[in-house]
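Note that the protein sequences, when read in sequence, are chains A and B. The first sequence maps to residues 728 to 989 in our numbering. The second sequence maps to residues 728 to 989 in our numbering. Using N, Cα and C, we set each Cβ at its ideal position, and we do this for glycine too. Computed from a prediction, not measured in an experiment: that's the story for all the values here. Notes follow once the structure below has been shown.
Protein chains: 2
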Amino acid sequence: MTRPIGIFDSGVGGLTVLGALRERLPGEDLVYLGDTARLPYGTKSAATVQRYALNAAAHLAEHDVKLLVVACNTASSYALDALTAASPVPVIGVVEPGARAALATGARRIGVIGTEGTVRSGAYQTALARLAPSVEVEAVACPLLVPLAEEGWGDHPVTDEVARIYLEPLLARGVETVILGCTHYPLLRPSLERVVGPRVRLVDSASAVAETLARDHAGLLGTTGRRPGAIRLELTDASDRFLRITRAILGADPERLELVDI
Amino acid sequence: MTRPIGIFDSGVGGLTVLGALRERLPGEDLVYLGDTARLPYGTKSAATVQRYALNAAAHLAEHDVKLLVVACNTASSYALDALTAASPVPVIGVVEPGARAALATGARRIGVIGTEGTVRSGAYQTALARLAPSVEVEAVACPLLVPLAEEGWGDHPVTDEVARIYLEPLLARGVETVILGCTHYPLLRPSLERVVGPRVRLVDSASAVAETLARDHAGLLGTTGRRPGAIRLELTDASDRFLRITRAILGADPERLELVDI
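In structure tokens, the structure reads:
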């Protein structure tokens, strides 16, 4: 009996993390829970996000997960301590791996873009200050970027214009690396790359999370042999919209998708 | 013991309806429930919207409301039948009053803009076809307009550009009147008016709903005498963001605001 790795996100953006885990740890069984009925988390209060995250973790515990990956930046920012306290298994957020990945670029000035919740929580700012006290950090909330990603406008003049407005203070500060502090943002890379220009690196957490897992939790991995692991996808709401975004991220229809009530 | 009128919306956009009721029926007590913890409804499936709407109606029933106004267009579109069947008091949605207000402009070609849920449900199209079979109707979903309204960009070049993209097929069809089929959209009037030009009328449901109430449910009204009615506001999540939008719509801080768990 092998135990899966649980991955939790407010929606389907966290499938970018699932993809990175699949690539780095192909033998692992993965169960993904997207709380699409209650998304977005990024505009909501800390108390509500914590309540929802604990709900989701309790649901994944019923699948007997051996590790819990919090793929949502807002939930990682607001609820990681509460989840760690409540969970019988190790909990891995996306914030610290993302911060480490940004520092690995050698940047001395780092920008962070994320939801209102993620930026207001100060989670990235705190992690970067702890890991590298001398690095300058500037964070801005970009509430329209998730809706633009969900609209499929990741390579669009309107997104260029919105990103230019949001990123202006970061670019004025001369940041060398920008952390994409929301799992939706990799879908906007074409527009974001145009706006930041070729000298600024864009870093996302997905592959950094997979590396963290492989490095820090090796004892829990590799028990499933060489067969390709199973992927199970659960959503709390399954509108056409979310299925369309799921396909855009996975590049295919999901093998197994279930609608759940948590 | 006077009974209040209950008003329900997915968020705080429905406060435009509350404002219209306040103006038309100043003596009535009003209790408003905004399901801010689970918004938006506009991108979610019919089943989820129906479940949330029934939850909200059950909560308002605990306040012994005498009438239930569904200020949310998506909930009016997807859940009015379910709410009417479940509710012991009359239920008034925003779709039919909005459709009547559009027809009252004399337009023969009517455009409808709304969320994905509202447009996909066909509620406006059906209501207009029933009330005036010969009128031409063209409806388009505008998923980015709610986030733009919430960002406070109701008078902004980005909103002009997004509205131009969404409304292009309506303007190409020569619509004379456009129904703002979402309670957030009145916040975007400056941009929307620039895009449609001076010859196209923009119609929203707020005052039409108040007129419908006054006309069709007069027997339930006016029992409160001449004192100004009390307004009670309940939200399922109270982030700074929602409080900011609440102030933008009401023009003041709410008298009485409570956080509730439904």
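For the set B:A850, B:G740 and B:V796, the Cα lying nearest the Cα of E877 (chain B) is the one of B:G740.
Assigned with DSSP and collapsed to three states, Y768 (chain B) falls in coil, not helix or strand.
Using beta-carbon distances, L742 (chain B) does not count as an interface residue toward chain A, since no partner is under 8 angstroms. When the alpha-carbon of A783 (chain A) is set against those of A:T770, A:A798, A:K771 and A:G769, the nearest one is in A:A798. For E985 (chain A), the three-state secondary structure derived from DSSP is strand. Excluding residues up to 5 positions away in sequence, L760, D762, N782, A783, A785, H786 and T963 lie with their Cβ nearer than 8 angstroms to the Cβ of I989 (chain A) in the same chain. Against chain A, the CB of K793 (chain B) has no partner CB under 8 angstroms away; the residue lies outside that interface. When the alpha-carbon of V873 (chain B) is set against those of B:G844, B:A854 and B:P860, the nearest one is in B:G844. Per the C-alpha coordinates, the member of B:S848, B:L752 and B:A945 positioned closest to D808 (chain B) is B:S848.
For H790 (chain B), same chain residues with a beta-carbon under 7 angstroms away, outside a window of 5 residues either side, are P731, G733 and V758 in chain order.
Under the 10 Å beta carbon count, P896 (chain B) is surrounded by fewer than 16 other beta carbons and is classified as exposed. The segment 924–942 of chain B and the segment 827–834 of chain B touch, with no fewer than 3 CB-CB distances between them shorter than 8 angstroms. In the DSSP assignment, E895 (chain A) falls within the alpha helix (DSSP H) that extends over P884 to A899. When the alpha-carbon of R891 (chain B) is set against those of B:T973, B:G754 and B:V923, the nearest one is in B:V923. The C-alpha of L948 (chain B) is placed about 12 angstroms away from the C-alpha of G956 (chain B). Counting only Cβ-Cβ distances below 7 angstroms, P874 (chain B) has contacts in chain A at P870, L871 and P874, in chain order.
Per the coordinates, the alpha-carbon of I837 (chain A) lies some 56 angstroms from the alpha-carbon of T939 (chain B). Flagged as an interface residue toward chain A: V885 (chain B), by a C-beta distance shorter than 8 angstroms.
For V889 (chain B), the nearest CB of chain A lies under 8 angstroms from its own CB, placing it at the interface with that chain. Out of A:L766, A:L907, A:T853 and A:S918, the CA that lies nearest to the CA of G841 (chain A) is found in A:L907.
In the assembly as shown, L748 (chain B) is a buried residue. Its beta-carbon has 16 or more other beta-carbons within 10 Å.
The CB of A965 (chain A) comes closer than 8 angstroms to the CB of S772 in chain B, given here in chain order. Residues of chain A whose Cβ lies closer than 7 angstroms to the Cβ of E878 (chain B) are, in chain order, P870 and L871.
Using beta-carbon distances, E895 (chain B) does not count as an interface residue toward chain A, since no partner is under 8 angstroms. Listed by position along chain B, the residues whose Cβ is nearer than 9 angstroms to that of E843 (chain A) are S966, D967 and R968. Within 9 angstroms of the CB of A764 (chain A), the CB atoms of chain B belong to R765, K771, S772, T775, R778 and Y779, in sequence order along the chain. Collapsing the DSSP output to three states places L752 (chain B) in coil. Classified as exposed, R954 (chain A) has fewer than 16 neighbouring CB atoms from the shown chains inside 10 Å of its CB. Each of A:V839, A:T910 and A:L855 was checked against the Cα of G746 (chain A), and the nearest Cα belongs to A:T910. Judged by their CB atoms, A850 (chain A) and V867 (chain A) are not nearer to each other than the 8 angstroms cut-off.
Under the three-state reduction of DSSP, G841 (chain B) is assigned to strand.
Residues I837, Q852 and L855 of the same chain have their beta carbon placed closer than 6 angstroms to that of V864 (chain A), with the five preceding and five following residues left out of the count. Around the beta carbon of G978 (chain B), a 10 Å sphere encloses fewer than 16 other beta carbons of the protein chains shown; the residue is thus reported as exposed.
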